[in-house]
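2 protein chains.
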Amino acid sequence: MPNNLFNAYSKQRVTRTPVLVVEDNADQWTIIQGAIKECFPEVEAIWVSDADQALAYLEETKTQAGQLPKLIFLDLYLPQREDGWKLLKQLKDPAMGFSLLPVVVLSHSSQPEDVEEAYDFWLTSYIVKPLDYDQWISALTALRNYWWNVVTLPGPQK
Amino acid sequence: MPNNLFNAYSKQRVTRTPVLVVEDNADQWTIIQGAIKECFPEVEAIWVSDADQALAYLEETKTQAGQLPKLIFLDLYLPQREDGWKLLKQLKDPAMGFSLLPVVVLSHSSQPEDVEEAYDFWLTSYIVKPLDYDQWISALTALRNYWWNVVTLPGPQK
């Protein structure tokens, strides 16, 4: 299912600002997609469900000016946390060409070792997943006010 | 003057949450300090004016639990941008022991090469310095709502 979605997106040029969501759980994706639609009406949320799909999407889009995602939301447990770590390391490796993309980790885990290890891997920020939809909305609203209105992001989108 | 301030802070245990401000311009520091006081009443803003002082402060505090700054605000031009880059690289080098501290760059420059290079060096976010005090207040309010209320930061402060 996520695979189909990714293929559908990759065949059409995305005209709205893309944001990549790497999430292995379809129910979680439904919630995140709804919250993104509500808080970021100008954004096209692209769903991929594992590291291989994420890298394939980025490789494909990095040759299209302005099509690289403005932000990446990364679920740490994909489904093992090692999968998330591995992808985060790849994204932040300058040789891969994506290291300037901001990566926001969304994770159910609030364990200090997960939080600290993620910052050690140079993620942008670590968010423990909200428990209900209203909390998702207030978290994404605060995220938008900061990242869209205060911060200057790399790339042509800003 | 910043040196004296740093020495004064280093001799007393900071009981409020420390935030480190690396800024070579005293007038800018006055504005930033005022805006931090207004938006972060529980925070102790620590001022250092160059890379050596910043590293000395961090080295001294990393042995005191809970005393490492929750966030670092880094002026890129100290006064040359090479000085800011060098410090940013040192802060993000895992061997130095500070790589998990979030670094927010505050810079007058909105040049794409400065913005992109900063993200390439794994900074947390890049903010072009606001032009007046009211803009500083709204930028720091949005920053607080995101970093304090939504994000989980590493370390014992959270």
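Those protein sequence lines, which keep their order, are chains A and B.
Position in the first sequence (first residue = 1) + 925 = the numbering used here.
Position in the second sequence (first residue = 1) + 925 = the numbering used here.
Using N, Cα and C, we set each Cβ at its ideal position, and we do this for glycine too.
Determine the extent of the alpha helix (DSSP H) in which residue i is found, giving its start and end residues.
i, result
"residue 1034 (chain B)", "Unbroken run through residue 1034 (chain B): none, as it is neither H nor E."
"residue 1050 (chain B)", "Careful: residue 1050 (chain B) lies outside any alpha helix (DSSP H), inside the beta strand (DSSP E) at 1050–1053."
"residue 1024 (chain B)", "Neither: residue 1024 (chain B) is in no alpha helix (DSSP H) and is coded neither H nor E."
"residue 959 (chain B)", "951–964"
"residue 1073 (chain B)", "Per DSSP, residue 1073 (chain B) belongs to no alpha helix (DSSP H) and is neither H nor E."
Within this structure, are the beta carbons of residue i and residue j separated by less than 8 Å?
i, j, result
"residue 995 (chain B)", "residue 944 (chain B)", "yes"
"residue 1072 (chain A)", "residue 1065 (chain A)", "no"
"residue 1075 (chain A)", "residue 1052 (chain B)", "yes"
"residue 1032 (chain B)", "residue 1002 (chain B)", "yes"
"residue 993 (chain B)", "residue 1016 (chain B)", "no"
"residue 1070 (chain B)", "residue 960 (chain A)", "no"
"residue 942 (chain B)", "residue 968 (chain B)", "yes"
Taking the beta strand (DSSP E) that residue i falls in, what are its first and last residues?
i, result
"residue 972 (chain B)", "968–973"
"residue 942 (chain B)", "942–947"
Run the CB neighbour count on residue i, radius 10 Å, all protein chains shown included, and call it buried at 16 or more, exposed below.
i, result
"residue 1042 (chain A)", "buried"
"residue 1060 (chain B)", "exposed"
"residue 955 (chain A)", "exposed"
"residue 973 (chain B)", "buried"
"residue 1009 (chain B)", "buried"
"residue 977 (chain B)", "exposed"
"residue 940 (chain B)", "exposed"
"residue 1014 (chain A)", "exposed"
"residue 962 (chain B)", "exposed"
"residue 1018 (chain B)", "exposed"
Have a look at residue i and residue j and give me their C-alpha separation to the nearest angstrom.
i, j, result
"residue 1056 (chain B)", "residue 1028 (chain A)", "28 Å"
"residue 998 (chain A)", "residue 949 (chain B)", "35 Å"
"residue 1044 (chain B)", "residue 1046 (chain A)", "14 Å"
"residue 1012 (chain B)", "residue 1021 (chain B)", "11 Å"
"residue 1005 (chain A)", "residue 1080 (chain B)", "23 Å"
"residue 953 (chain B)", "residue 1058 (chain B)", "11 Å"
"residue 1063 (chain A)", "residue 965 (chain A)", "12 Å"
Problem set entry | Complete alpha helix (DSSP H) runs within the segment 972–1011 of chain A (minimum length 4 residues, chain order) | Runs found: 976–986.
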